[in-house]
Structures are given as C-alpha cells and as structure tokens.
Amino acid sequence: MALIMNVENKSPGSYFVTLNGRLDSTTSPDCDARISTILLPSTKTILFELTNLDYISSMGLRIFLKTRRMIEQQGGHVYMINVQPQIEKVFEIANMLNGIRLFASISEADAYFDAMQKSVLASQNS
C-alpha cells in the first residue's frame with residue numbers, strides 16, 4: 003500500500019500533516035522530501051494526523067526524529083493525533099514519545115490549543 007500524504011499550512015508557521023497508509027523504505031523518501039519543504043526557520047508547530055497510518059518502519063521513524071529535532075531547535079513543538087496502537091508501540095520502543103504530546107482526536111487537540119492561547123493572552127493582560 004502506498005502512502006497518501008496531505009500537508010496544510012494552517013497559519014503562519016503551523017502545519018497539519020495527514021499520513022495514510024504505510025511509511026516504510028519505499029514511501030519514506032517522498033515523505034521526507036515533502037516534510038523537508040516545511041522545515042523552515044519560521045515553522046513552530048507541526049501536527050501529525052495519524053488515524054490511517056497503518057505501518058511505520060525505521061526509515062519512517064527517522065523522519066519523525068529529524069522533524070522533531072529541527073522543530074524543537076527552533077523553539078517549536080510536534081504534536082500527534084489519533085496514533086494507532088501499533089504505531090504508538092513502535093514510538094514507545096524507540097523512546098520517541100518523550101516530549102511529544104499525543105491527542106486522541108482533533109477536538110481534544112483544539113481544546114488544548116484553545117486553553118494554551120487563552121493562558122498566554124491572560125498572562126499578557128495581567
């Protein structure tokens with residue numbers, strides 16, 4: 003099965019990436035190339051939607067590691083939504099979940115981001 007990838011620029015410096023299918027040695031070069039195009043100095047947030055990501059290999063893990071490292075060096079964050087149990091297990095084994103916030107759904111992520119923004123605004127108005 004191929005990898006279907008969609009990248010949306012949600013706001014300046016913020017991207018929503020949907021991965022469907024398999025992220026393996028065959029599909030990872032194209033995925034890496036597309037992700038590399040959004041790893042800009044201005045990128046602060048990447049949100050991966052993984053509901054339909056069925057499989058990940060070590061080459062796929064490398065893409066997530068590289069993305070996380072680069073975004074965190076820029077003071078940004080990587081988030082994941084709807085991580086399937088088998089994918090989450092691979093991330094756990096590779097010790098990749100430390101510092102990455104996982105959300106069960108888009109609505110959970112939206113509630114978290116809404117609360118974060120309100121907190122920042124409240125601290126600025128104090």
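Take the sequence shown: its letters are residues 3 to 128, numbered as in our numbering.
Just so it is clear, CB atoms sit at the ideal spot from N, CA and C, and this is done for glycine as well.
Here the structure is a predicted model, which means the values were calculated and not measured.
Next item on the list: Could you check what DSSP says for Met-98 in three-state terms: helix, strand or coil?
Entry: coil
Notebook entry, point to check: When you compare only the Cα positions, how much space is there between Phe-50 and Asn-8?
Noted result: 10 Å
Next item on the list: Identify whether Ile-40 lies in helix, strand or coil by the three-state DSSP scheme.
Entry: coil
Notebook entry, point to check: Cβ atoms of Leu-55 and Gly-23: under 9 Å apart, would you say?
Noted result: yes
Notebook entry, point to check: So, is Ala-89 buried or exposed, given that buried needs 16 or more other C-beta atoms within 10 angstroms?
Noted result: Checking the displayed sequence, the identity of residue 89 turns out to be Ile instead of Ala. Classification of Ile-89: buried, given that the 10 Å Cβ count is 16 or more.
Notebook entry, point to check: Would you call Met-82 buried or exposed, if buried means 16 or more other Cβ atoms sit within 10 Å of its Cβ?
Noted result: buried
Next item on the list: Please report how far the alpha carbon of Asn-100 lies from the alpha carbon of Asn-127, in whole angstroms.
Entry: 32 Å
Note to self: Suppose only complete runs of 3+ residues qualify. What are the beta strand (DSSP E) ranges in the segment 21 to 67, listed by chain order?
What the structure shows: 47 to 51, 55 to 58
Next item on the list: Reducing DSSP to helix, strand and coil, say where Val-80 ends up.
Entry: strand
Margin query: So for Ser-107, helix, strand or coil by DSSP?
Written below: coil
Next item on the list: On a CA-only basis, which of Cys-33, Ile-73, Ala-124, Leu-52 is nearest Pro-43? Give me that one, please.
Entry: Ile-73
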